[in-house]
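Numbering-wise (this note's numbering), the sequence shown opens with residue 1 and increments by one.
Ideal Cβ placement from N, Cα and C applies to all residues, glycine included.
Model, not experiment: these values are computed from the prediction.
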Amino acid sequence: MRRYKFRGKSTDTKEWLVGALVPNGKRSCIAPFGELFHLEEVSHETVGQFVELTDRNKRDVYEGDILKWKEYDFEKIGVVIWSPSGVFIGRPREHGIQCIGVASTIKETEIIGNIHDNPELLNAEKR
């Protein structure tokens with residue numbers, strides 16, 4: 001069964017929050033799990049859904065996470081992208097995103113950051 005879990009960066013504290021996504025007019029809010037009747041506004045651009053995967057350190061993987069893994073002798077880095085067709089790992093290009101893998105088939109990934117806090121990781125020389 002799919003777990004609907006989201007994260008977003010608080011507009012007040014700038015901390016990452018995890019919980020249920022609650023639209024509130026034109027604002028996005030997270031209701032942290034276990035905190036009854038508590039809503040915290042988050043920056044809409046930072047909202048990402050849990051994609052039902054964990055990395056090799058057992059950390060939950062969300063849309064927008066930057067993952068690192070080895071494929072043959074090459075280190076790869078890409079961002080997690082959700083689409084109705086599945087969860088992919090891609091790299092931003094001048095005109096859109098280049099898919100470089102299907103997330104569920106890539107083993108031994110490690111979350112090294114996210115596109116909101118660490119966009120420079122996508123420009124890393126090693127691939």
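Listed as beta-bridge partners of V79 by DSSP are I66, G90. Going by C-alpha positions, F50 is about 13 angstroms away from F88.
The straight-line gap separating the alpha-carbon atoms of E71 and N24 is approximately 42 angstroms.
Just so you know, the alpha carbons of G101 and G48 end up roughly 19 angstroms apart. Taking a cut-off of 8 angstroms on C-beta distances, the region 25 to 44 does not touch the region 79 to 87, as fewer than three cross pairs fall below it. Separation of the CB atoms of G96 and V79 is rounded to 13 angstroms, and the pair is thereby denied contact status at 8 angstroms.
With a minimum length of 3 residues, the unbroken runs of beta strand (DSSP E) contained wholly in the region 10 to 69 fall at 16 to 24, 27 to 32, 40 to 42, 48 to 54, 60 to 62. For E120, the three-state secondary structure derived from DSSP is helix. For the 7 angstroms CB-CB criterion, W16 and K5 do not form a contact.
Inclusion of A31 and V18 in the CB contact set at 7 angstroms is not warranted, their separation being larger than that value.
Classified as exposed, L36 has fewer than 16 neighbouring CB atoms from the shown chains inside 10 Å of its CB. The Cβ atoms of E110 and K58 do not sit closer than 7 angstroms to each other.
In this structure, the alpha-carbon of E108 lies about 18 angstroms from that of L122.
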